[in-house]
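Below you'll find the structure, written out as structure tokens, and then a few comments.
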Amino acid sequence: MSPYEEFRERENGILYEPESPAGIRPTMIDTDGSTLYEKQFFPLRTAIIERNDTAALKKYLENAPWAIKRGHALGMYYDPFIVAARHESIDALKMLLDHYSNFMKPSGRTDLDGRCCRALNTAGSMWPT
Numbered sequence: 001m002s003p004y005e006e007f008r009e010r011e012n013g014i015l016y017e018p019e020s021p022a023g024i025r026p027t028m029i030d031t032d033g034s035t036l037y038e039k040q041f042f043p044l045r046t047a048i049i050e051r052n053d054t055a056a057l058k059k060y061l062e063n064a065p066w067a068i069k070r071g072h073a074l075g076m077y078y079d080p081f082i083v084a085a086r087h088e089s090i091d092a093l094k095m096l097l098d099h100y101s102n103f104m105k106p107s108g109r110t111d112l113d114g115r116c117c118r119a120l121n122t123a124g125s126m127w128p129t
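In terms of UniProt numbering, the sequence shown opens at residue 1 and continues consecutively.
If you want it as structure tokens, here you go:
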């Protein structure tokens with residue numbers, strides 16, 4: 001059974017994300033061939049990162065490379081870098097940072113500096129020394 005069962009139903013409505021092509025919500029194929037649909041505030045992305053599921057994160061970023069552009073307006077809880085740090089998802093955090101440096105930064109689409117500091121501070125406060 002997939003840990004992403006709850007994302008198999010399409011949520012109607014437009015995604016208000018400027019980088020999303022035509023307001024389309026990201027989708028990806030689960031390990032059993034089912035389509036997974038993103039919802040408002042990116043809970044699928046968050047679930048993938050919390051589980052440190054790099055295979056799923058790779059698929060997600062291939063389908064929605066823009067989806068880590070910036071932190072969420074609702075705060076750090078939704079920021080993918082902070083989520084990875086808070087859940088000790090080291091492999092996912094590395095993948096997010098690699099994706100940022102290879103896709104986002106060269107295009108000048110976002111500035112990670114402030115978010116990176118928050119992610120490192122979060123990681124430092126959560127992980128044992």
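Glycine included, C-beta positions come from ideal geometry on N, C-alpha and C.
Predicted model only: the values in this text are computed from it and were never measured.
With a beta-carbon spacing of about 10 Å, glutamate 6 and tyrosine 37 fall beyond the 8 Å limit used to define contacts. When C-alpha distances from tyrosine 4 are compared across Phe41, Arg51 and Asp79, the shortest belongs to Arg51. Under the three-state reduction of DSSP, threonine 27 is assigned to strand. For the segment 28 to 108, the full-length beta strand (DSSP E) segments reaching 3 residues or more read 35 to 37 along the chain. In this structure, the alpha-carbon of alanine 92 lies about 15 Å from that of proline 43.
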